[in-house]
Amino acid sequence: MRAFGIFFLIIGIISVIVGLFVIIPLVWGIPLTLLGIVMTSVGGKAKRRRKRAKIEIRIRKIELKRKRRKLEPHKADLKIDKLRIKQAKYKE
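Going left to right, the sequence shown walks through residues 8 to 99 as this note's numbering numbers them.
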């Protein structure tokens with residue numbers, strides 16, 4: 008979705024620039040540009056959501072290992088803290 012957004016954004020910007028000289032491309036260039044901006048934004052949010060979900064799965068696996076005594080508690084806590092910090096980067 009993000010790739011299509013960038014594609015529409017580029018086409019829209021080119022159409023607006025051409026539309027400054029010829030009025031017809033300006034009419035469909037502005038909606039294309041707006042569509043590109045929206046699609047790029049939505050695509051970025053979806054990507055961040057997937058990354059956060061993957062990190063959450065890794066945290067749950069570490070907690071399960073700690074619970075089953077396969078991983079020492081202090082090492083598990085350190086790994087979980089690192090992953091929580093990484094997960095905070097992908098907040099919306």
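Glycine included, every Cβ here is placed at the ideal spot set by N, Cα and C. Since we're looking at a predicted model, the values are computed, not measured.
Secondary structure of residue i, DSSP reduced to three states
i	result
phenylalanine 15	helix
arginine 67	helix
lysine 86	helix
leucine 27	coil
lysine 72	helix
lysine 77	coil
lysine 58	helix
Interface flag, residue i vs chain C, CB-CB below 8 Å
i	result
phenylalanine 15	Protein chain content of the structure displayed is limited to a single chain, and chain C is not contained in it.
Close-in-space but distant-in-sequence residues of the same chain around residue i (CB under 6 Å, 5 per side omitted)
i	result
lysine 72	Leu78
lysine 96	none
Closest by C-alpha distance to residue i, when choosing among the options
i	options	result
phenylalanine 11	Leu39, Ile66 and Ala60	Leu39
Cutoff 7 Å; reference residue i; Cβ partners in own chain excluding five residues on either side
i	result
leucine 16	Thr40, Gly43, Ile44 and Thr47
Same chain only: Cβ atoms within 8 Å of residue i, ignoring 5 sequence neighbours per side
i	result
tryptophan 35	Ser22
alanine 60	none
leucine 90	Ile62, Arg65, Ile66 and Ile69
Indicate whether the contact test is met: 3 or more Cβ pairs, each with one atom in the stretch 49–57 and one in the stretch 73–91, closer than 8 Å.
no
Between the stretch 8–23 and the stretch 38–50, can you find at least three pairs of beta-carbon atoms closer than 8 Å?
yes
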